[in-house]
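Chains as they are written, first to last, in UniProt numbering: chain E, 1 to 418; chain B, 1 to 418.
Written out below as structure tokens is the structure these notes cover.
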């Protein structure tokens, strides 16, 4: 079975794209505009109904793409969309490092959408993903807009998830539903991301929709509070995209009371469900990490601070030596020691404990007396692995997710542009 | 042609090990102690004559090995060696994360050397390199010491360079000679290093010897001043070793005046020659980077500060996406833009210039009008590459060296322990 870019589907992919609930007030359409790829959809339009609220999170790269800067400027004025909003996304070209022409492309595309849908261009958000530094042939996208506007439909999320793929080998979606005040709130999201994945706000393209009734400021707060345990807690290759963006829209069409306080029972339930969807989408990105064959959770506890825990967790999750050892199914915990050592966080050799799954490999500055090389090697053959490090110093904790570094990663990235 | 670990010799290796000058007052011997490897030398003893001065630089890893801590403690008391000094090195086992037993091993080995050579154990420095977390069978090294002491000879540096190899595919040496006050000063160094190479003081094993007459404090100053442009300016895989150490010894046996001031003409000439040897050894480590097929110089200029230049240079040099593109001979300058963006240094898209060799690829926030894809692709086929980034902001500059990320790296590191 092959993915869109001719790559075999990741062995870590879910069996199927999930059944996403329809979100009242959100419609999707996708088309093949020929931006770069042939014979596949590569552009998606999403219409968000009047009265919605929009929130976002974006890459902090200092060389971020024109569309990211444009989205940030538009959201800085607030996320209310009394007359509706739209999102237009293309794959194949990132429109990044394309000089002044980059913004011209964004303007052309977003204005075409605004005209086709009869909304303000300031409420049209856009994303581009693909090669950096090539001029975006935006006229091809503009030419597709009228057709996209005609084809909008409520059940188009799965097709949209496919149209935004680049080196992704499977489309990514996640959802949640919760009962609030006798009614139901639905949340559905799609994402793309596979390489150039390292956390700095949001490091991929993610679109999440809900019918919850919640105003834009609170929506943004609910979103921001979930980043550090989802999209900012994953890494494939330590590289951070110039383009990545998460947009969350709430249509307010659910038959539930307005969420006016995130600390209320309904607010808490909504935040928890939203963060669950965010985490699930983030995990799917790691599961589609370029060349990945292992899904790895790195749990760090006992650090002096959350920041120190984060440093250690990412030093492990980004280490090429740790990641190649995992690819080779080698229980090389010495490389975990190395990564802790280089992280810059305070660590004391004699207080460090390292576990793989339930097995203690190292403790008290030394290989554990219970260490069993055969059991450790058998554990490494699993597809889902847990590496747990306790620093024994304080209360700082952070969990992050990563994948292994394989020949597949080298294959994909030594040859991406050709 | 195969290297010691059964790996093909790096295509970037020099044609032959250089003819190192004999340093009066330094003797070497090597033996096969069977620490881990079979049928090869794996332990080296170096005797440094009475009246020498010793200086050092060590990894800053918080999980550094017992021998590193021991060397640091011994040098903290000063580098003078009125009754002589010695260095004992083994490959195959790093004696790192081996608990209290690690120090016991260091004591056993250094005391055996002290006894065999009739010097103070506080002047016996030691290094261990290889697998982390396995107990060091130090009795095998101790058993070899008497033989090593008997076999010491002045021309043993090349054999020593071989005995300290782990995943290295070729032995590394460099030298310089300079005329001072009618006499000659000689400098000769050997190094090992191939993976787990990222700069944090000294990130490999390096031993440099000179017959210069210079006291220990000045010698340390001369050494420290050269780290940022040599061993702290290279990276293979962004991973920092727990074990690495550089030891520099000056025997004072040259027929030249004492160097009492590094700013004097003789002092400047010595420092320049020493730094040249350090840089050459550092480059040899990159040329033997695990799986390397390209030697890459990354020059960053025009940054707000040296620190910013360093951030950008290492963001590029450590980026898996940049390094796989180089492996694939793909002139993917968009990934340079990405790396600049994620570095954390201040950057302005519209002031950035990117060159590969003499070719300007990107300038003024945009692909250069002179950009020639064919010429850029032809350039990437070379074995030695220059990536130059000018940020257009200030005077901060840093040059670092790295290699590409290939299937060879994955092969070597997915399978190191087995």
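Where is the CB? At the ideal position from N, CA and C, for every residue including glycine.
Following the DSSP letters along the chain, one finds residue 117/E inside the alpha helix (DSSP H) bounded by residues 99 to 117.
Within chain E, the residues placing a beta-carbon under 7 Å from that of residue 131/B are 334, ordered along the chain. Neighbourhood of residue 145/E in chain B, by CB distance below 8 Å: empty, with the nearest CB roughly 26 Å away. Using a 10 angstroms sphere on the CB of residue 82/B, the tally of other CB atoms stays under 16, which defines it as exposed. For the C-beta of residue 99/E, the chain B residues within less than 9 Å are, from N- to C-terminus, 349, 350, 364, 365, 366 and 367. Listed by position along chain B, the residues whose Cβ is nearer than 8 Å to that of residue 355/E form an empty set, because the closest Cβ is around 14 Å away.
For the options 153/E, 95/E, 135/E and 146/E, the alpha carbon positioned closest to that of residue 126/E is the one of 95/E. For a Cβ distance threshold of 8 Å, residue set 410 and 414 of chain B lies close to residue 327/E, ordered along the chain. Not a single CB atom of chain B sits nearer than 8 Å to the CB of residue 303/E. Residues of the region 75 to 100 of chain B with a Cβ closer than 9 Å to any Cβ of chain E, in chain order: 94, 96, 97, 98, 99 and 100. The shortest C-alpha to C-alpha distance from residue 341/B to any of 44/B, 316/B and 361/B is the one to 316/B. The continuous alpha helix (DSSP H) containing residue 306/B extends over residues 306 to 318. With a contact defined as Cβ atoms closer than 8 Å, residue 362/B and residue 97/E qualify at about 7 Å. Among the residues facing chain E, residue 186/B is not included, as its CB has no counterpart in that chain under 8 Å away. Residue range 396 to 403 is occupied by the beta strand (DSSP E) that includes residue 396/B. Residue-level contact check: residue 399/E does not touch chain B, since none of the beta carbons of chain B fall below 8 Å from its beta carbon.
Where residue 177/E is concerned, the enclosing beta strand (DSSP E) starts and stops at 172 to 180.
Secondary structure of residue 69/B (DSSP, three-state): helix.
For residue 30/E and residue 375/E, the gap between their C-alpha atoms comes out near 49 Å.
Each residue's CA atom was taken as its position, placing residue 283/B and residue 314/B some 15 Å apart. Annotation for residue 21/E: 175, 177, 186 and 188 place their beta carbon closer than 7 Å to its own, counting only its chain and skipping 5 residues before and after. Within the same chain, and ignoring the five residues on either side of residue 360/E in sequence, the residues whose Cβ sits closer than 7 Å to its Cβ are 353, 368 and 370. If you draw a straight line from the Cα of residue 335/B to the Cα of residue 132/E, it comes to about 7 Å.
Interface residue (Cβ-Cβ distance to chain E less than 8 Å): residue 338/B is classified as such.
Check the Cα spacing between residue 249/E and each of 408/E, 266/E and 212/E: the tightest is with 212/E.
Per the C-alpha coordinates, the member of 184/E, 295/E and 71/E positioned closest to residue 60/E is 71/E.
Residue 272/E counts as exposed, since fewer than 16 other C-beta atoms from the protein chains shown sit within 10 angstroms of its C-beta. The beta carbon of residue 255/E sits closer than 6 Å to the beta carbons of 183 from its chain, once the five residues preceding and following it are set aside; these are given in chain order.
No Cβ-Cβ contact shorter than 8 Å links residue 79/E with residue 49/E. For residue 413/B, the enclosing alpha helix (DSSP H) covers residues 407 to 413. Contacts with chain B at 8 Å (Cβ-Cβ) include residue 407/E.
Assigned with DSSP and collapsed to three states, residue 230/E falls in coil, not helix or strand.
Any Cβ of chain B closer than 8 Å to the Cβ of residue 341/E would place that residue at the interface, and such an atom is present. Residue 392/E is not bridged by DSSP to any residue.
Counting only runs of 3+ residues, the beta strand (DSSP E) found wholly inside the region 292 to 377 of chain E occupies 295 to 303, 353 to 356 and 359 to 363, in chain order. At a C-beta separation below 9 Å, residue 62/E has these neighbours in chain B: 340, 341, 342, 343, 344, 345, 346, 347, 348 and 349.
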